[in-house]
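Enquirer: Submitted below is the structure of interest, expressed as structure tokens.
In this note's numbering, the protein residues as written are 82 to 268.
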């Protein structure tokens with residue numbers, strides 16, 4: 082057991098030592114969905130994200146991001162999201178770097194409550210393949226500011242469960258997500 086803990090600690094330290102940057106961002110996500118020929122109207126959601134970016138080489142990187150949405154889909158509930166993205170630098174001049182990328186994101190929010198019939202839980206979940214374009218600008222040694230515009234198709238699943246019964250429905254659509262934030266370079 083002791084050797085296992087030591088190996089885990091060494092691997093964790095090595096992976097953090099190889100990290101490129103940590104980031105903090107603010108975003109606004111707006112989805113546009115249709116189900117059974119009807120347009121669904123959901124409020125847009127502001128979110129706060131924390132990201133970890135790892136450079137693969139001098140022009141490409143992978144990024145994982147976790148987000149919190151205080152009012153996802155107008156639910157007045159705290160929603161959670163995550164995204165895994167591949168980024169590739171297109172051009173770099175002076176302190177500015179223009180990049181594009183693609184990835185896959187997931188957002189979810191749920192609410193539950195008790196009724197006379199028992200406990201009911203409702204959940205909205207989206208899976209969104211993402212395309213993005215962004216610009217990053219070095220503002221100080223180790224710090225960069227960025228702006229991104231992401232979008233793509235989105236697949237929404239709504240489900241309500243209570244007791245032994247579950248009812249679900251799906252909708253397809255698209256989303257748009259501008260983000261602004263900063264990153265801190267670790268190495």
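Beta carbons: idealized from backbone N, C-alpha and C, even for Gly.
Which residues in the same chain as residue 212 place their Cβ atom closer than 8 Å to its Cβ, once the five residues preceding and following it in sequence are excluded?
Expert: 181, 182, 183, 231, 232 and 233
Enquirer: What did DSSP end up calling residue 147 once you bin it into helix, strand or coil?
Expert: Assignment of residue 147 by DSSP, reduced to helix, strand and coil, places it in the strand class.
Enquirer: Output the distance between the C-alpha atoms of residue 167 and residue 244, rounded to the nearest integer angstrom.
Expert: 41 Å
Enquirer: Based on Cα-Cα distance, which residue from 117, 137, 148 and 136 lies nearest to residue 127?
Expert: 148
Enquirer: If you run the structure through DSSP and keep just helix, strand and coil, what is residue 187?
Expert: strand
Enquirer: Does the distance from the C-beta atom of residue 60 to that of residue 153 stay below 9 Å?
Expert: Any property of residue 60 remains undetermined from this structure, which presents the chain solely from 82 to 268.
Enquirer: Taking the continuous beta strand (DSSP E) assigned at residue 105, which residues delimit it?
Expert: 102-116
Enquirer: Compute the Euclidean distance between the alpha carbons of residue 120 and residue 257, then round it to the nearest angstrom.
Expert: 16 Å
Enquirer: Could you spell out where the beta strand (DSSP E) holding residue 154 opens and where it closes?
Expert: Element bounds for residue 154: n/a, residue is neither H nor E.
Enquirer: Spatial neighbours of residue 173 within its chain, please: C-beta separation below 8 Å, excluding the five flanking residues on both sides.
Expert: So the list reads 179, once near-sequence residues are dropped.
Enquirer: Of the choices 116, 105, 262 and 111, whose alpha-carbon is the least far from that of residue 239?
Expert: Of the listed residues, the one whose Cα sits closest to residue 239 is 116.
Enquirer: From the DSSP output, in three-state form, read off residue 236 for me.
Expert: Note: residue 236 maps to strand in three-state DSSP.
Enquirer: Could you check what DSSP says for residue 226 in three-state terms: helix, strand or coil?
Expert: strand
Enquirer: What do you get for residue 209, buried or exposed, if any count of 16 or more other CB atoms within 10 angstroms of its CB means buried?
Expert: buried
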